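Asks:
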Amino acid sequence: MAEKKGALRKIIQAGWGILTNAYVKGFLPGGPPIYKGKLKQICVPGMNCYSCPGALGACPIGSMQALFDGRQRRFAFYVTGYLAFIGLIAGRFICGWLCLFGLIQELLYKIPTPKLKIPKKIDRPLRYLKYLCLFVMVFALPFFWRSAYGTGDPFFCKYICPVGTLEGGIPLVLLNDAMRGTLGWLFKWKFFLLVICILASVFIYRPFCKYVCPLGAFYGLFQKVSLVKMYVDEHACVSCGLCAKTCKMNVDPKKTPNSSECIRCRECVNACPKQALSMGVREKHTLS
Amino acid sequence: MEKKIPVWVTYILIAASIACMAFGICRGEVGTVLSKAVNICMECIGLG
Numbered sequence: 003m004a005e006k007k008g009a010l011r012k013i014i015q016a017g018w019g020i021l022t023n024a025y026v027k028g029f030l031p032g033g034p035p036i037y038k039g040k041l042k043q044i045c046v047p048g049m050n051c052y053s054c055p056g057a058l059g060a061c062p063i064g065s066m067q068a069l070f071d072g073r074q075r076r077f078a079f080y081v082t083g084y085l086a087f088i089g090l091i092a093g094r095f096i097c098g099w100l101c102l103f104g105l106i107q108e109l110l111y112k113i114p115t116p117k118l119k120i121p122k123k124i125d126r127p128l129r130y131l132k133y134l135c136l137f138v139m140v141f142a143l144p145f146f147w148r149s150a151y152g153t154g155d156p157f158f159c160k161y162i163c164p165v166g167t168l169e170g171g172i173p174l175v176l177l178n179d180a181m182r183g184t185l186g187w188l189f190k191w192k193f194f195l196l197v198i199c200i201l202a203s204v205f206i207y208r209p210f211c212k213y214v215c216p217l218g219a220f221y222g223l224f225q226k227v228s229l230v231k232m233y234v235d236e237h238a239c240v241s242c243g244l245c246a247k248t249c250k251m252n253v254d255p256k257k258t259p260n261s262s263e264c265i266r267c268r269e270c271v272n273a274c275p276k277q278a279l280s281m282g283v284r285e286k287h288t289l290s
Numbered sequence: 007m008e009k010k011i012p013v014w015v016t017y018i019l020i021a022a023s024i025a026c027m028a029f030g031i032c033r034g035e036v037g038t039v040l041s042k043a044v045n046i047c048m049e050c051i052g053l054g
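Protein chains in written order, with my numbering: chain A, 3 to 290; chain B, 7 to 54.
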C-alpha cells in the first residue's frame, strides 16, 4: 500500500514536470529555441529553468533575481508575494510533489549503490548553506552589486544553479551549433557543479534540496505557520521510530513534524503502522 | 513539542502575501518577468 502511494507521488511529479515543459517545438532541431508566449509571465512553483526548450512558465528564483538586478534596483514584490503565498498554504509540499529537479534526484538515488549517511555534525551546518544561497546569492548580491555599467547579475543562476545547466544549457547547446561555439569557463564550471550534483544524488537523497536549493529554503521559512501541516496523534503513537527511519530528509516526524527540512512527501505517514501521523489543513484556532 | 502558532497569524500573512503580489503586478513586475523569461537567459545556461 505504502509503495502504491509512493508510486502515485512519482506519477504526479513526472506529470507536473511534463506539463510544465510541454513546448515540444523547442526540442525539435531548427525550431524556436524556447517558448515565448504569455504563460511565461507566471512562475512555476518549483525549480524549473525558463531557458529549458520546453518550459512554459518562468523560474521563480530566476525571476526574483531578474527583478532585483534591474537598473532601478527594485524589490521583487510579485515573485516574493507569490512564493510566500504558496509557502503559507502548503510549506515545502511543492518540493516533495511538484519539483522536476527533485524527481530527477530521487530517480538517481534509486540506482542500486551503497548509500552515504552524512554524520549529523556535518549534515546540520551544511543545511544552513541553502539559506546562505537564498539571502546572499538570490537577495543580497543581485540587489546590491552593480557592474561598472550599472547592471546587476543573477548570481545564483549564473554561478551555482545546476538546474539551468541540465534543463537549459545542455539541450540548447546540443540543439544549436552557434551556441556550441561560445562555450567558455562559466559553462565548464556550471557543468562541473552539475556532475557533482548528479553523482552526489546517487549516494545521498536529494543533496541539492537538502543543502543548496534557495527555493526550498524560502518555502521552509513558512513550514511552521502554513495552513497545511503534519500532525502526530500522541495517543496512537507507540514510539517505534519507523517514521524517523523512513524519512530520507533525516527528519524525526514525532519530534518535529513541521521541520523546515520536511518536504511533505508523506512517506512517514504511509509507513506508520498505527496511523498516528497525518497531514491536513489546520484547525480553526491553534495547533502544534 | 512544537510551539503553537495561532491560525490568525497565518491568515494575516496570507493577506500580506496577496497584497505584496498585487502591488508587484500593479507596478509592472509581471512584464519584467515575461521579458526575462521569453529570452534565453545566457547566465542561467552558463554562456553569459
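Idealized CB from N, CA, C, for every residue including glycine. Here the structure is a predicted model, which means the values were calculated and not measured.
Which residue comes first and which comes last in the beta strand (DSSP E) that contains A/Met-279?
Replies: A quick correction: the sequence has Leu, not Met, at residue 279 of chain A. Segment 279 to 283, the beta strand (DSSP E) holding A/Leu-279.
Asks: Have a look at A/Thr-167 and A/Lys-122 and give me their C-alpha separation to the nearest angstrom.
Replies: Spanning the two alpha carbons is a distance of roughly 30 Å.
Asks: Report the three-state DSSP secondary structure of A/Tyr-130 (helix, strand or coil).
Replies: Coil at A/Tyr-130, not helix or strand.
Asks: Output the distance between the C-alpha atoms of A/Phe-157 and A/Phe-194, rounded to the nearest integer angstrom.
Replies: Each residue's alpha carbon lies about 17 Å from the other.
Asks: At 9 Å on the CB atoms, spell out the chain B contacts of A/Pro-114, in chain order.
Replies: The contacting residues do not exist; A/Pro-114 stays about 31 Å from chain B at best.
Asks: Could you check what DSSP says for A/Tyr-233 in three-state terms: helix, strand or coil?
Replies: Here A/Tyr-233 sits in strand by DSSP.
Asks: Looking at the C-beta of A/Leu-244, does it have a partner C-beta in chain B at a distance below 8 Å?
Replies: No - not a single Cβ of chain B is within 8 Å of the one on A/Leu-244.
Asks: Tell me whether A/Ala-92 sits in a helix, a strand or coil according to DSSP, three-state version.
Replies: If DSSP states are grouped into helix, strand and coil, A/Ala-92 belongs with the helices.
Asks: Could you give the DSSP three-state label for A/Ala-60: helix, strand or coil?
Replies: Strand at A/Ala-60.
Asks: With a CB to CB cut of under 8 Å and the five nearest residues on each side skipped, what residues in its chain are close to B/Val-36?
Replies: Here the set comprises Gly-30.
Asks: Can you check DSSP and say which residues form a bridge with A/Cys-45?
Replies: In DSSP, A/Cys-45 forms a bridge with A/Ala-60.
Asks: Just to make sure I have the definition right: I need the residues of chain B whose C-beta is within less than 7 Å of the C-beta of A/Cys-163. Which are they?
Replies: Per Cβ cutoff of 7 Å: Cys-50.
Asks: Where does the unbroken alpha helix (DSSP H) through A/Leu-201 begin, and where does it stop?
Replies: Residues 187 to 205.
Asks: Check whether the Cβ atoms of A/Gln-43 and B/Val-15 lie closer than 8 Å to each other.
Replies: No, Cβ-Cβ distance for A/Gln-43 and B/Val-15 is not below 8 Å.
Asks: On a CA-only basis, which of A/Leu-201, A/Asn-260, A/Gly-243 is nearest A/Gln-107? Give me that one, please.
Replies: The option with the nearest alpha carbon to A/Gln-107 is A/Leu-201.
Asks: With DSSP run on the structure shown, which of helix, strand or coil describes A/Met-251?
Replies: It is coil, neither helix nor strand.
Asks: Closer than 9 Å by beta-carbon distance: list the chain B residues that pair up with A/Thr-167, in chain order.
Replies: Within chain B, the residues near A/Thr-167 are Cys-50, Ile-51, Gly-52.
Asks: Measuring CB to CB, does A/Tyr-213 end up less than 8 Å from A/Leu-131?
Replies: Yes, they are a contact pair.
Asks: Measuring only between beta-carbons, confirm whether A/Cys-267 sits less than 8 Å from chain B.
Replies: Chain B contact via Cβ: absent.
Asks: Helix, strand or coil, according to DSSP, for A/Ile-124 in the structure here?
Replies: Three-state DSSP puts A/Ile-124 in a helix.
Asks: Can you grab the Cα-Cα spacing for the pair B/Ala-22 / A/Arg-182, in whole Å?
Replies: Approximately 46 Å between the Cα atoms of the pair.
Asks: Measuring alpha carbon to alpha carbon, tell me which residue in A/Cys-45, A/Gly-222, A/Tyr-111, A/Gly-39 is nearest A/Pro-209.
Replies: When only C-alpha atoms are compared, the closest one is A/Tyr-111.
Asks: Taking buried to mean at least 16 other C-beta atoms within 10 Å of its own C-beta, is A/Thr-184 buried or exposed?
Replies: With fewer than 16 other Cβ atoms within 10 Å, it is exposed.
Asks: Can you pull the chain B neighbours of A/Pro-156, defined as C-beta to C-beta under 8 Å?
Replies: Going along chain B in sequence order, the residues near A/Pro-156 (Cβ under 8 Å) are Cys-47, Glu-49, Cys-50.
Asks: State the CB to CB distance for the pair A/Val-227 and A/Leu-90, rounded to an integer number of angstroms; the pair is presumed to be in contact (CB under 8 Å).
Replies: That pair is a contact at about 7 Å.
Asks: Can you pull the chain B residues whose beta carbon is under 9 Å from the beta carbon of A/Gly-170, in chain order?
Replies: Under the 9 Å cutoff, chain B gives Ile-46, Cys-47, Cys-50, Ile-51, Gly-52.
Asks: Taking B/Ser-23 as part of the alpha helix (DSSP H), name the residues at either end of that continuous run.
Replies: From DSSP, the alpha helix (DSSP H) with B/Ser-23 extends over 13 to 32.
Asks: Consult DSSP for A/Ser-149 and reduce its assignment to one of helix, strand or coil.
Replies: Looking at A/Ser-149 - three-state DSSP - the assignment turns out to be coil, as it is neither helix nor strand.
Asks: Residues in its own chain within less than 7 Å of A/Tyr-133 by CB, not counting five upstream and five downstream?
Replies: So the list reads Ala-219, once near-sequence residues are dropped.
Asks: Pull up the distance between the alpha-carbon of A/Lys-7 and that of A/Arg-75, whole angstroms please.
Replies: Spanning the two alpha carbons is a distance of roughly 46 Å.
Asks: When you compare the CB of A/Leu-143 with every CB in chain B, is at least one pair closer than 8 Å?
Replies: It does not; no Cβ of chain B falls within 8 Å.
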